[in-house]
Amino acid sequence: MSETVVKLTDVWKVFGDRADEAMEAIKAEGLTKPEVLERFGCVVGVQAATFEVARGEIFCIMGLSGSGKSTLVRHVNRLIEPTSGTIEILGRDVSAMSASELRNVRATQIGMVFQHMALMPHRSVRDNVAYPLEIRGVPKSKRWAVSDHALELVNLIGYEDRLPKELSGGMQQRVGIARALASDPEILLMDEPFSALDPLIRMQLQDQFKALVAQLKKTTLFITHDLDEAIRIGHRIAIMKDGVIVQIGTAEDIVMNPADDYVREFVQGISKLKLVKAHSIMEPLERYDGPTEGAPRADEEADLDQLIDHAVGSDLPVVITKDGSDIGVVTKPRLLRGIQGGKE
Amino acid sequence: MTDITVTAASDVEVDREQLDASISEFAGSNGAYYAAAFHKIHEAAGAPPLTFNIAAAVLGPVWAAMRGVWGFFWAFLILEMIAWVQIGRGAWGNPGAKFSERAESQLSRSQEFLERAAEATAAGEDPSRFETLAANMAKAAERSQAQADTANAEAITILITGLVLLLAFKLLQGFYANIVYEKQYTRWRISPNTVESGLKQQNLLLGIVLVLVIAPLTIYKFTVASPLEILNTFPEDQFSHLFIANQNETIFTELANWLEARIDAAAVAGQGAFDSITAGVRAILNAMTLALIVTPWPVVMVVICVVAWRSAGPRVAIFTAAALAYVAILGYWEISMETVALVGAAVIICVVIGIPLGIWFGKSKRAYSFAEPVLDLMQTLPAFVYLIPIIAFFGTGNPPGILATIIFGMPPVIRLTALGMRGVPESIKEAANAFGASRFQTLRDVEIPLALPSIMAGVNQTILMCLSMVVIISLIGGGGLGKVILEALQYAAKGPGLLGGFAILFCAMVIDRIVQGAFRRADQD
Numbered sequence: 001m002s003e004t005v006v007k008l009t010d011v012w013k014v015f016g017d018r019a020d021e022a023m024e025a026i027k028a029e030g031l032t033k034p035e036v037l038e039r040f041g042c043v044v045g046v047q048a049a050t051f052e053v054a055r056g057e058i059f060c061i062m063g064l065s066g067s068g069k070s071t072l073v074r075h076v077n078r079l080i081e082p083t084s085g086t087i088e089i090l091g092r093d094v095s096a097m098s099a100s101e102l103r104n105v106r107a108t109q110i111g112m113v114f115q116h117m118a119l120m121p122h123r124s125v126r127d128n129v130a131y132p133l134e135i136r137g138v139p140k141s142k143r144w145a146v147s148d149h150a151l152e153l154v155n156l157i158g159y160e161d162r163l164p165k166e167l168s169g170g171m172q173q174r175v176g177i178a179r180a181l182a183s184d185p186e187i188l189l190m191d192e193p194f195s196a197l198d199p200l201i202r203m204q205l206q207d208q209f210k211a212l213v214a215q216l217k218k219t220t221l222f223i224t225h226d227l228d229e230a231i232r233i234g235h236r237i238a239i240m241k242d243g244v245i246v247q248i249g250t251a252e253d254i255v256m257n258p259a260d261d262y263v264r265e266f267v268q269g270i271s272k273l274k275l276v277k278a279h280s281i282m283e284p285l286e287r288y289d290g291p292t293e294g295a296p297r298a299d300e301e302a303d304l305d306q307l308i309d310h311a312v313g314s315d316l317p318v319v320i321t322k323d324g325s326d327i328g329v330v331t332k333p334r335l336l337r338g339i340q341g342g343k344e
Numbered sequence: 001m002t003d004i005t006v007t008a009a010s011d012v013e014v015d016r017e018q019l020d021a022s023i024s025e026f027a028g029s030n031g032a033y034y035a036a037a038f039h040k041i042h043e044a045a046g047a048p049p050l051t052f053n054i055a056a057a058v059l060g061p062v063w064a065a066m067r068g069v070w071g072f073f074w075a076f077l078i079l080e081m082i083a084w085v086q087i088g089r090g091a092w093g094n095p096g097a098k099f100s101e102r103a104e105s106q107l108s109r110s111q112e113f114l115e116r117a118a119e120a121t122a123a124g125e126d127p128s129r130f131e132t133l134a135a136n137m138a139k140a141a142e143r144s145q146a147q148a149d150t151a152n153a154e155a156i157t158i159l160i161t162g163l164v165l166l167l168a169f170k171l172l173q174g175f176y177a178n179i180v181y182e183k184q185y186t187r188w189r190i191s192p193n194t195v196e197s198g199l200k201q202q203n204l205l206l207g208i209v210l211v212l213v214i215a216p217l218t219i220y221k222f223t224v225a226s227p228l229e230i231l232n233t234f235p236e237d238q239f240s241h242l243f244i245a246n247q248n249e250t251i252f253t254e255l256a257n258w259l260e261a262r263i264d265a266a267a268v269a270g271q272g273a274f275d276s277i278t279a280g281v282r283a284i285l286n287a288m289t290l291a292l293i294v295t296p297w298p299v300v301m302v303v304i305c306v307v308a309w310r311s312a313g314p315r316v317a318i319f320t321a322a323a324l325a326y327v328a329i330l331g332y333w334e335i336s337m338e339t340v341a342l343v344g345a346a347v348i349i350c351v352v353i354g355i356p357l358g359i360w361f362g363k364s365k366r367a368y369s370f371a372e373p374v375l376d377l378m379q380t381l382p383a384f385v386y387l388i389p390i391i392a393f394f395g396t397g398n399p400p401g402i403l404a405t406i407i408f409g410m411p412p413v414i415r416l417t418a419l420g421m422r423g424v425p426e427s428i429k430e431a432a433n434a435f436g437a438s439r440f441q442t443l444r445d446v447e448i449p450l451a452l453p454s455i456m457a458g459v460n461q462t463i464l465m466c467l468s469m470v471v472i473i474s475l476i477g478g479g480g481l482g483k484v485i486l487e488a489l490q491y492a493a494k495g496p497g498l499l500g501g502f503a504i505l506f507c508a509m510v511i512d513r514i515v516q517g518a519f520r521r522a523d524q525d
C-alpha cells in the first residue's frame with residue numbers, strides 16, 4: 001500500500017521496578033518470560049512488536065484479555081513508555097518528543113476511543129466532543145462548529161446539549177468517536193470501542209465505523225478481542241498472545257494459513273464463506289483431467305458463498321477463470337473442505 | 001494427652017484418606033483423634049454432635065493455647081478464673097473475719113465496762129450504769145459473732161458454687177473444644193499460612209506464661225481480705241526514685257518541667273512567626289466582622305434571607321427570617337454575627353489550606369500515608385489538650401480560638417477532597433491525557449469537577465465541625481455566643497444559658513440549611 005503512517009520497530013514493554021535491568025538481560029541472554037518474572041519480578045507486557053500501518057488502513061490487533069494489545073496501542077501516543085524499541089508516527093520518533101511536542105501530537109494527530117467511553121459526565125455532549133480543541137485553545141465558536149460537524153458524522157444531531165448519562169451506551173460511544181474525529185487526526189486508536197455494547201448495536205456501529213473511516217481515510221489501529229469483529233473491520237489483522245504478535249496478515253491469510261495451533265484454534269469457529277476466495281482452494285487446470293465442458297464458471301476472486309451457488313446447479317466442478325481464461329477447477333470435495341477451513 | 005482412645009467411625013476410612021491426611025497435617029500431633037472427632041462433626045446433619053475432648057477439659061486454656069485457639073483461650077481463662085475466685089473465697093477468704101474482729105473488740109469493751117463497774121463498787125459508787133453498758137456491749141458482741149458465723153457458713157456455699165462452676169466450665173470446654181477446633185480447621189484450609197495449626201511449643205509456652213501471670217495474682221487479689229498494697233496502686237513514686245535521687249522530684253514532675261521549658265522556649269523563639277499568623281487570622285476575621293457587623297443590620301438580615309431563598313428555597317428562607325428575628329429581639333444580634341464571623345473565618349482558612357492539601361494527598365499515596373495519622377490526631381485529640389499550647393504560642397482571644405477551630409475542623413475537607421480525587425476514574429483521566437491535556441488541564445477540567453461532590457461534602461462537614469467548636473474556644477477568650485454560654489455555666493444561670501444555647505442552635509441550623517441547599521443545587525446541575 002501507500003505511505004507508512006505508524007511504524008513500530010522491536011517494541012518491548014517490561015513492567016516492574018527493575019524493568020531496565022530485565023530488558024538488558026533479555027537482550028543479552030534471551031530470557032523467557034517466566035525467567036524474567038523469577039529473576040527480576042518483572043512482567044513482560046509486549047515482546048518485540050514490529051509492524052507498519054499504511055495510510056488509510058484499518059489495522060486490527062486481536063487478542064484475549066491480558067495479551068498486551070491495549071498496552072501495545074498505548075505506545076503509539078506514548079500513554080505508555082516503551083522499555084525498548086522505537087515508535088514512529090509520520091516519520092517522527094515519538095519517544096524523542098518533548099512533553100509539549102507530545103501533547104501537540106496527541107491533540108492534533110491522534111484520536112483515541114476507549115472501551116468505557118471515558119466521557120466527562122459534567123460536560124455536555126458538545127463540550128465533550130470539543131474538549132480536544134479546547135485543550136489546544138481553539139475559540140469557543142470555532143470548536144462548537146467543529147464539534148457539531150463531528151456529531152453530524154456519527155448521526156447525533158439533536159443531542160448536542162444533552163449530558164452523556166442521558167444517552168444510551170451505543171450513542172455514548174458514538175460521542176467518543178466524534179470526539180476522536182473532532183481534531184481531524186491522522187490516526188485513530190480504537191481500544192475495544194464496541195466491546196461493552198450489545199451485539200446488534202455493535203454490528204451497526206462496526207458498519208458505520210467502517211464506512212466512516214473509508215470516507216475520511218483515517219489510519220486506524222483497532223483493538224478487539226473478537227475475531228469476527230476484526231475480520232469485519234480490519235484490512236489486516238495482528239493476532240497477539242501473551243505479549244507476542246503471533247501472526248500478521250489479511251483475514252483470509254489468517255483463516256487459511258494459521259501460523260500456529262493457537263491461531264488455528266481461534267479461526268476454527270469462523271465462517272469461511274465470505275473470506276475464502278476461489279484461487280486459494282482451486283486445483284490448477286493442468287492437474288485436472290476430468291471434463292470441463294458446460295461446467296459453471298466463476299472468477300478467481302469469487303468467495304465460497306458464490307462458488308456454492310454455482311456448484312449446486314451442476315454435477316460438474318466449477319471452473320475458475322482469470323481475465324476470462326480458465327486457470328483451475330474447484331471440485332465438490334475441495335469446495336466442502338474449503339468450507340471446513342482448508343483441511344486436506 | 002497421649003493415651004486418648006476413641007472409637008473412630010471405622011467404616012468411612014477408605015474414601016476419607018485425603019481428608020484424614022489434611023486433618024492430621026492440621027492437628028500436628030494426635031491427628032487420628034482429631035480426624036475421628038471431625039468426622040463425627042462433618043457427618044452430623046443438624047447440630048454438631050457432642051464429642052468430648054479430655055485434653056481440653058483437663059488442661060483448659062492451656063490446651064487452647066497450645067492449639068492456637070486464642071479466642072477459646074481467653075474466654076475460658078476468664079470463666080475458669082471466676083470459678084477459682086469463688087473457690088478461693090470459700091476456702092481461705094474468711095468472709096466472716098470483719099465481723100469476728102468487731103465481736104472481739106466489742107467483747108473487750110464490755111470487759112472494760114465490767115472492770116469499771118467493779119472499781120465503782122469498790123469505791124462505794126453505783127455500778128449499775130457501767131453494768132448496763134457492759135451488758136449492751138456483750139449483746140452487740142454476740143450479734144456480731146452471729147453475723148460472723150453466718151458469713152462463715154456462707155463460705156461453704158461459695159466454695160461449693162465455685163466447684164460446681166469449675167466443673168461446669170471444664171465439661172463445657174471438653175464438649176465445645178472439638179467444635180471450635182473444627183471451625184479453625186476449616187479456616188486453616190482457606191489460609192494455611194495465617195491460621196494457626198498443629199501443636200506449637202512457643203504457643204504452649206506463651207499460654208502457660210499468660211496463665212501463670214494472670215491467674216494467681218488475680219485470684220489472690222480477689223480472695224484475700226487485705227491484699228498487698230502494691231497490687232492496688234502502681235508504685236509510681238518508688239519507681240521514680242529508682243532513677244531520680246532527689247526525693248521531691250518524680251518522673252512526672254521532671255517531664256512536665258522539661259516540656260514546659262521547651263514550650264516556653266519555642267514560644268519565645270517563634271514569636272515573630274506566631275505573631276504574623278495571628279495577624280493574618282485577625283485580618284480575615286476583621287474582614288468578616290466588617291461585612292457582618294459594621295454593615296447596617298437591616299442590610300445584613302435582608303442579604304442572609306435572600307441568600308437562603310436563592311440557595312435553599314422559600315421554606316428555609318422563612319425559617320431563616322424567624323431565626324434572625326429570635327436572635328435580634330433577644331439582643332444577641334451583634335454577638336451572633338461575631339460567632340458567624342469566627343466560624344466563617346475558620347472555614348475560609350480550612351478550605352483554602354485544606355483543598356490543595358487534599359488534592360495533593362489524593363494524588364500521592366505516600367504523602368497521604370504520612371498525613372493520615374496527623375489527621376486522625378487532629379480529630380481525636382480532645383480540644384482542651386491543644387488549647388494549652390495554643391495559649392502558649394498565640395495567647396488568648398479570637399485569633400487563637402480560630403486556630404483551635406481550624407485544627408478540629410480541617411480534617412474532613414482534606415479527607416473528602418483526597419477521597420474524591422482518588423475516586424476519579426482512571427479512564428477519564430487517561431482520555432484527557434490522550435487528547436493532549438497537560439497535568440494542570442487534567443486537574444482543572446477532569447479531576448476537580450469530578451471530585452467536586454466529594455469536596456463539597458467535605459466543606460459542609462468542616463462547617464459543622466467548626467460550629468461545634470464555638471463554645472470551646474470561649475474558654476481561651478474567644479467571643480461570640482460561646483462566651484454567653486460559658487458565663488451562664490459559671491453562674492449556673494439557667495435562663496440566659498438556655499436562650500443563648502438556642503441562639504447558637506439557630507445560627508448552626510441556618511448555616512447548615514443554606515449550605516446544604518446550595519450544594520444540592522450544585523449537585524443537580
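Here the protein sequences line up with chains A and B, keeping their order. By the UniProt record's numbering, the letter at position 109 of the first sequence is numbered 109, and the numbering carries on one by one without gaps. By the UniProt record's numbering, the letter at position 198 of the second sequence is numbered 198, and the numbering carries on one by one without gaps. Glycine residues also receive a C-beta, built at the ideal position from the N, C-alpha and C atoms. In this text, all values refer to a predicted model and were calculated from it rather than measured experimentally.
Please tell me whether GLU186 (chain A) has its Cβ less than 9 Å away from any Cβ of chain B. Position 186 of the first sequence, counting from 1, holds the residue named residue 186 (chain A). So no, GLU186 (chain A) is outside the interface.
Provide the residue(s) that pair with ALA49 (chain A) in DSSP beta bridges, ordered along the chain. Your numbering for residue 49 (chain A) matches position 49 in the first sequence. Beta-bridge pairing links ALA49 (chain A) to A:VAL11.
Within this structure, are the beta carbons of LEU324 (chain B) and ILE402 (chain B) separated by less than 9 Å? On the second sequence, residue 324 (chain B) is found 324 positions in, with the first residue counted as 1. On the second sequence, residue 402 (chain B) is found 402 positions in, with the first residue counted as 1. No, the Cβ-Cβ distance between LEU324 (chain B) and ILE402 (chain B) is not below 9 Å.
Please list the partners that ARG92 (chain A) has in chain B, where partner means a Cβ-to-Cβ separation under 7 Å. Mapped onto the first sequence, residue 92 (chain A) falls at position 92. The premise fails here: ARG92 (chain A) is roughly 15 Å from chain B at the closest Cβ pair, so nothing lies under 7 Å.
Tell me whether PHE252 (chain B) is buried or exposed, calling it buried when 16 or more other Cβ atoms sit within 10 Å of its Cβ. What you label residue 252 (chain B) is simply residue 252 of the second sequence in a count that begins at 1. Exposed, by the Cβ-count rule.
Please report the residue range of the alpha helix (DSSP H) in which ARG109 (chain B) lies. As a first step, residue 109 (chain B) is located in the second sequence; it is residue number 109 there, counting from the start. ARG109 (chain B) -> alpha helix (DSSP H) spans 97-122.
Can you look up LEU221 (chain A) in the DSSP assignment and give me helix, strand or coil? If you number the first sequence from 1, residue 221 (chain A) lands on position 221. If DSSP states are grouped into helix, strand and coil, LEU221 (chain A) belongs with the strands.
Restricting to Cα atoms, I'd like to know which of A:ASN77, A:SER147, A:ARG126, A:ASP303 is closest to ASN433 (chain B). To locate residue 433 (chain B), count along the second sequence from 1; it is residue 433. Closest option to ASN433 (chain B), Cα to Cα, is A:ASN77.
Rounded to whole angstroms, what's the CA-CA distance from MET1 (chain A) to ALA54 (chain A)? Just pull it up for me. Locating residue 1 (chain A) in the first sequence gives position 1, counting from the first residue. Locating residue 54 (chain A) in the first sequence gives position 54, counting from the first residue. Bear in mind that the predicted position of MET1 (chain A) carries a pLDDT of just 45, short of 50, making it too unreliable to give a figure here.
For GLU338 (chain B): DSSP bridge partner residues: What you label residue 338 (chain B) is simply residue 338 of the second sequence in a count that begins at 1. For GLU338 (chain B), which the question treats as bridged, DSSP gives no partner whatsoever.
Close beta carbons around MET1 (chain B), own chain, < 6 Å, minus the five adjacent residues each side: Counted from its first residue, the second sequence places residue 1 (chain B) at position 1. At MET1 (chain B) the pLDDT is 46, less than 50, meaning the model places this residue with poor confidence; the figure from the coordinates comes in the next sentence. Excluding sequence neighbours, MET1 (chain B) sits near ALA55.
Beta-carbon of SER311 (chain B) versus every beta-carbon of chain A: anything under 9 Å? Start at 1 with the first residue of the second sequence, and residue 311 (chain B) comes out as number 311. SER311 (chain B) does not count as touching chain A.
Using the three-state DSSP reduction, which class does PHE52 (chain B) fall into: helix, strand or coil? Here residue 52 (chain B) corresponds to residue number 52 of the second sequence, with the count starting at 1. Looking at PHE52 (chain B) - three-state DSSP - the assignment turns out to be coil, as it is neither helix nor strand.
Note down, in chain order, every chain B residue with its Cβ under 9 Å from the Cβ of LEU79 (chain A). Taking the first residue of the first sequence as 1, we reach residue 79 (chain A) at position 79. The answer, in chain order, is GLU430, ASN433, ALA434.
ASP445 (chain B) at chain A interface by Cβ criterion, 9 Å: Start at 1 with the first residue of the second sequence, and residue 445 (chain B) comes out as number 445. Judged by the 9 Å Cβ criterion, ASP445 (chain B) is in contact with chain A.
Between ARG126 (chain A) and SER147 (chain A), how many whole angstroms is the CB-CB distance? I'm expecting something under 8 Å. In the first sequence, the residue the question calls residue 126 (chain A) occupies position 126. In the first sequence, the residue the question calls residue 147 (chain A) occupies position 147. The Cβ separation is near 5 Å, so the contact holds.
Cβ pair count under 8 Å reaching 3, the segment 182-198 of chain A against the segment 106-117 of chain A: yes
Quick check on VAL343 (chain B): does DSSP put it in helix, strand or coil? Residue numbering aside, residue 343 (chain B) sits at position 343 when the second sequence is read from its first letter. Note: VAL343 (chain B) maps to helix in three-state DSSP.
DSSP three-state call for LEU188 (chain A): helix, strand or coil? The count along the first sequence starts at 1 and reaches residue 188 (chain A) at position 188. DSSP places LEU188 (chain A) in strand when its eight states are reduced to three.
Contact check, CYS305 (chain B) vs THR320 (chain B), beta carbons under 9 Å: If you number the second sequence from 1, residue 305 (chain B) lands on position 305. If you number the second sequence from 1, residue 320 (chain B) lands on position 320. The answer is yes: Cβ separation under 9 Å.
Status (buried if at least 16 other CB within 10 Å, exposed otherwise) for ARG202 (chain A): Residue numbering aside, residue 202 (chain A) sits at position 202 when the first sequence is read from its first letter. By the 10 Å Cβ count, ARG202 (chain A) comes out buried.
I'd like to know whether the C-beta atoms of LEU72 (chain A) and VAL11 (chain A) end up nearer to each other than 9 Å. Within the first sequence, the letter at position 72 stands for residue 72 (chain A). Within the first sequence, the letter at position 11 stands for residue 11 (chain A). Yes.
Local conformation of GLY111 (chain A) per DSSP, three classes: Counting from 1 along the first sequence, the entry for residue 111 (chain A) is found at position 111. DSSP places GLY111 (chain A) in strand when its eight states are reduced to three.
When you compare each of B:PRO227, B:ILE359, B:LEU387, B:LEU481 to LEU452 (chain B) by their alpha carbons, which one comes out closest? Locating residue 452 (chain B) in the second sequence gives position 452, where the first residue counts as 1. That would be B:ILE359, whose Cα lies nearest to the Cα of LEU452 (chain B).
The beta strand (DSSP E) enclosing GLU88 (chain A), as first and last residue numbers: Sequence index remark: in the first sequence, residue 88 (chain A) carries index 88 (1-based). That run of the beta strand (DSSP E) goes 84-89.
Name the DSSP bridge partner or partners of VAL470 (chain B)? In the second sequence, residue 470 (chain B) corresponds to position 470, counting from 1. VAL470 (chain B) is not bridged to any residue.
I need the DSSP call for PRO496 (chain B), collapsed to helix, strand or coil. Start at 1 with the first residue of the second sequence, and residue 496 (chain B) comes out as number 496. Helix at PRO496 (chain B).
Interface flag, GLN441 (chain B) vs chain A, CB-CB below 9 Å: Taking the first residue of the second sequence as position 1, residue 441 (chain B) is located at position 441. Chain A, which has a Cβ nearer than 9 Å to the Cβ of GLN441 (chain B), makes this yes.
Taking its Cβ as the centre, do 16 or more other Cβ atoms sit within 10 Å of GLN247 (chain B), making it buried, or is it exposed? One-based indexing of the second sequence puts residue 247 (chain B) at position 247. It is exposed - the Cβ of GLN247 (chain B) has fewer than 16 other Cβ atoms within 10 Å.
Taking the alpha-carbon of VAL209 (chain B) as reference, which of B:GLY397, B:PHE73, B:ALA322 has the nearest alpha-carbon? For the purposes of this step, residue 209 (chain B) is taken as residue 209 along the second sequence, with counting starting at 1. Residue B:PHE73 is the option with its Cα nearest to VAL209 (chain B).
DSSP state of GLY517 (chain B), grouped into three classes? As a working mapping, residue 517 (chain B) is identified with position 517 in the second sequence. It is helical.
Please list the partners that LEU450 (chain B) has in chain A, where partner means a Cβ-to-Cβ separation under 9 Å. The sequence position of residue 450 (chain B) within the second sequence is 450, counting from 1. Within 9 Å Cβ-Cβ: MET120, PRO121, HIS122.
Specify the secondary structure class of GLN268 (chain A) as computed by DSSP and reduced to three states. Looking up residue 268 (chain A) in the first sequence gives position 268. Of the three classes helix, strand and coil, the one that applies to GLN268 (chain A) here is coil, per DSSP.
At which residues does the alpha helix (DSSP H) containing VAL294 (chain B) begin and terminate? Taking the second sequence and counting its residues from 1, the one referred to as residue 294 (chain B) is at position 294. Run containing VAL294 (chain B): none; DSSP gives neither H nor E here.
Beta carbons nearer than 7 Å to chain B: which residues of the segment 86-116 of chain A have them? ARG103, ASN104, ARG106, ALA107, MET112, PHE114, HIS116
Cutting at 6 Å between CB atoms, please list the residues of its own chain near GLY96 (chain B), excluding the five before and the five after it. Taking the second sequence and counting its residues from 1, one reaches residue 96 (chain B) at position 96. Excluding sequence neighbours, GLY96 (chain B) sits near ALA148, ALA151, ASN152.
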